[in-house]
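In what follows, a single structure is set out as structure tokens and then discussed.
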Ligand code: FES
Ligand code: FES
């Protein structure tokens, strides 16, 4: 299992990385943790002439507070997110989700920017960033732009990033008062990837009804997506078990379901509903205990 | 394309020349004659190739050697000091934490890191945080027993 030959560059600035990308006509691949790219190179599913390692660019990793949310550098590892005190306190959904990814060795190398730019339809962090009202900042030859997570995932392994753009950071909303979150997943026992994963962020009004629900689902379709049918069915309602169960029935509305040897379409649909119910129940429980 | 690079492995500078495509695993085994680190799946699924990179456990089959230049790599060969086995190595022998032994270097490197991470609070936690290391011989109960013992001895000696 050897990749096709490639050149290797390890620039020390984002500008240099963008220049290299542009020179390759967008054919080069960005290497962060490499835990999606290296397997793809070895299987020759990707055959870039040049691999640009962004691991040596200073300032691309780390977590800080910014604009009522958290800014997370693209090369921040999943372990760093899992263990970050700031993330645990202000956006616990992300640390909980990080803990579900692969295993400790994978989390020590895999990065948040990598997983979002790769757009694997069964990734975990994609759903979490969608539910957390997130966005990504990308930089290209014409400067910087922000892409809301809602517009980021286009199709299987296809994102709104242009071939000459580098994802530099991720931003997610802080979970405010009376807000609870949860990531629930039914994992493939061998790979750990989500067969169905649901991230929920729920804010309760003072009277206990749902003031805001952001629900995102991964693993079941060609891309991670908001479950807007579920959100609408919760909005303004008292979040009792019956309402949650009824809302969860909308889990795969608008999703173009995938079936594979691990789970066919109808089984995935069933799992999605069960996992959605559990995810929302836990998020609501947490919101109710958080002043 | 060849790269000329230096890895710092087990406290020693090791220069080597290899193709850009060379993984850390292949550099260790093929270029530097450190064959203790094993290749199981070569695609990030089994943990046989686990080594420490700057003290953190990583899969050497999913890291390019070029990415590791200037960083500290510790392999199974670097654990024993002055001819004395690392406590985790000794515990694996005491508890029979292997059968064929193929997964063992990876298991031990992972366990060494796990203990440092403070993830040996319970058998359940040990199992969860060793989940990246597969053992086709099914030595799991003895592996957990070995790690549990080192964790207990460690906390007693503090
Ligand atoms: S050989 Fe690296 S994980 Fe299997
Ligand atoms: S001892 Fe044989 S695979 Fe683990």
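Protein chains in written order, with the working numbering: chain A, 1 to 291; chain B, 1001 to 1158. Cβ coordinates follow ideal geometry from the N, Cα and C atoms, glycine included.
Shortest Cα-Cα distance from residue 3 of chain A to any of A:46, A:35, A:33 involves A:46. Remark: the C-beta of residue 1137 of chain B is outside contact range of ligand 1, defined as less than 7 Å to any heavy atom. What residue 250 of chain A touches in chain B, judged by beta-carbon distance under 7 Å, is nothing: the nearest beta carbon there is about 32 Å away.
The C-alpha of residue 1015 of chain B lies about 13 Å from the C-alpha of residue 1034 of chain B. DSSP places residue 1005 of chain B within a strand segment (E or B) once states are collapsed to three.
The region 260 to 280 of chain A makes no contact with the region 1012 to 1032 of chain B: fewer than 3 CB pairs, one atom from each, lie closer than 8 Å.
Per the Cβ contact rule, the region 195 to 205 of chain A is in contact with the region 251 to 269 of chain A (3 or more Cβ pairs under 8 Å). Of the candidates A:39, A:30, A:106, A:28, the residue whose Cα lies closest to the Cα of residue 82 of chain A is A:106. Its chain contains 1036, 1037, 1038, 1076 as the residues whose beta carbon lies nearer than 7 Å to that of residue 1105 of chain B, once the 5 sequence neighbours on both sides are disregarded; these appear in chain order. Here residue 1098 of chain B is not bridged, per DSSP, to any residue. Scanning chain A for C-beta atoms nearer than 7 Å to the C-beta of residue 1116 of chain B yields nothing, as the closest lies near 11 Å away. Shortest Cα-Cα distance from residue 1124 of chain B to any of B:1136, B:1135, B:1140, B:1078 involves B:1140.
Residue range 179 to 187 is occupied by the beta strand (DSSP E) that includes residue 181 of chain A. By the neighbour-count criterion, in which a residue is buried when 16 or more other Cβ atoms sit within 10 angstroms of its Cβ, residue 1130 of chain B is buried. Listed along chain A, the residues sitting closer than 7 Å to residue 1020 of chain B by beta-carbon distance are 6, 7, 8. Taking a C-beta cut-off of 9 Å against chain A, the contacting residues of the region 1130 to 1145 of chain B are 1130, 1131, 1132, 1133, listed in chain order. Relative to ligand 1, even the nearest heavy atom lies 7 Å or more away from the CB of residue 236 of chain A. Classified as exposed, residue 1004 of chain B has fewer than 16 neighbouring CB atoms from the shown chains inside 10 Å of its CB. The Cβ of residue 1110 of chain B sits closer than 8 Å to at least one Cβ of chain A. Residue 32 of chain A is positioned such that its CB atom lies closer than 8 Å to that of residue 55 of chain A.
Secondary structure at residue 220 of chain A: coil, using DSSP grouped into helix, strand and coil. B:1061 is the residue among B:1032, B:1051, B:1061, B:1056 whose C-alpha sits nearest the C-alpha of residue 1045 of chain B.
Here residue 194 of chain A carries a strand assignment [DSSP, helix/strand/coil]. It is roughly 40 Å from the alpha-carbon of residue 88 of chain A to the alpha-carbon of residue 1029 of chain B.
Within the same chain, and ignoring the five residues on either side of residue 167 of chain A in sequence, the residues whose Cβ sits closer than 7 Å to its Cβ are 74, 113, 116, 117, 136, 138, 161. In this structure, ligand 1 has a non-hydrogen atom nearer than 7 Å to the beta-carbon of residue 1042 of chain B. The straight-line gap separating the alpha-carbon atoms of residue 52 of chain A and residue 1109 of chain B is approximately 29 Å.
In the DSSP assignment, residue 6 of chain A falls outside any alpha helix (DSSP H), carrying neither H nor E. Using a Cβ-Cβ cut-off of 8 Å, residue 1058 of chain B counts as an interface residue toward chain A, since at least one Cβ of chain A sits closer than that to its own. With a threshold of 8 Å between beta carbons, residue 173 of chain A makes no contact with chain B. With a cut-off of 8 Å on Cβ pairs, the region 1052 to 1061 of chain B is not in contact with the region 86 to 102 of chain A, counting fewer than three such pairs.
Residue 35 of chain A has a beta carbon lying within less than 8 Å of a beta carbon in chain B. Secondary structure remark: continuous beta strand (DSSP E) runs of at least 3 residues inside the region 206 to 284 of chain A, in chain order: 210 to 218. For the options A:223, A:30, A:206, the alpha carbon positioned closest to that of residue 159 of chain A is the one of A:223.
At least one beta carbon of chain A lies nearer than 8 Å to the beta carbon of residue 1003 of chain B.
About 6 Å separates the beta carbon of residue 257 of chain A from that of residue 269 of chain A, a gap short enough to meet the 8 Å contact definition.
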